[in-house]
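>
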Amino acid sequence: MVMLDIHIKSDFKDNIVDLFLENGYDDFFYIDTQKYASKSLLASDKERVSGRQEFSLIKFYVSKEEAQKVGELVLRNFSHARVFQIECSCVICHFEPKNS
C-alpha cells in the first residue's frame, strides 16, 4: 500500500474533487493547507503580505498500481500539481476493541 499526496492550488479544489468523483474515486482525504514561501515566489499582494499561498492536500491510500493511475489522471488535468507516492504499512491492521 502507498500513500499518495497530491498538492494543488486551492483555486482548483472543486475541479479536482469533481475529477476524482467522475472517475469513480470516492475514498480520499481533502485537507486545506498553506504553502509558505519567500515573498519573491508569491504571486499576489495578499500572498506577499501573509507569506503563504492557499493550497489543498489530497491523500489516497491505495495500491501502487492504483496510485500510478490516480497520479497520471491528476497530472493530465492539472500540470502544476505535485504528486508524491510514499510507501506505508498499517500499524494495527486488525483492530478489535477489548471488552471492558
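My numbering numbers the first residue of the sequence shown as -4 and each following residue consecutively. Glycine is no exception: its CB is placed at the ideal position from the N, C-alpha and C atoms.
#1: What whole-angstrom Cβ distance do lysine 30 and glutamine 48 have, given they're in contact under 8 Å?
#2: Beta-carbon within less than 7 Å of histidine 2's beta-carbon, same chain only, minus the 5 sequence neighbours each way: which residues are those?
#3: Would you call isoleucine 81 buried or exposed, if buried means 16 or more other Cβ atoms sit within 10 Å of its Cβ?
#4: Can the beta-carbon of leucine -1 be found closer than 8 Å to that of phenylalanine 73?
#5: Using 8 Å as the threshold, is the C-beta distance between valine -3 and alanine 62 below it?
#6: Which same chain residues, not among the five before or five after valine 86, have their C-beta less than 6 Å away from its C-beta?
#7: Hey, how far is the Cα of aspartate 9 from the Cα of glutamate 60?
Let me lay it out:
#1: That pair is a contact at about 5 Å.
#2: Phe50, Leu52, Ala76 and Arg77, listed in sequence order.
#3: By the C-beta density criterion, isoleucine 81 is exposed, having fewer than 16 other C-beta atoms within 10 angstroms.
#4: No, the pair does not count as a contact, with Cβ atoms beyond the cut-off.
#5: Yes, Cβ-Cβ distance for valine -3 and alanine 62 is below 8 Å.
#6: Cβ neighbours of valine 86 beyond the five flanking positions: none.
#7: Spanning the two alpha carbons is a distance of roughly 25 Å.
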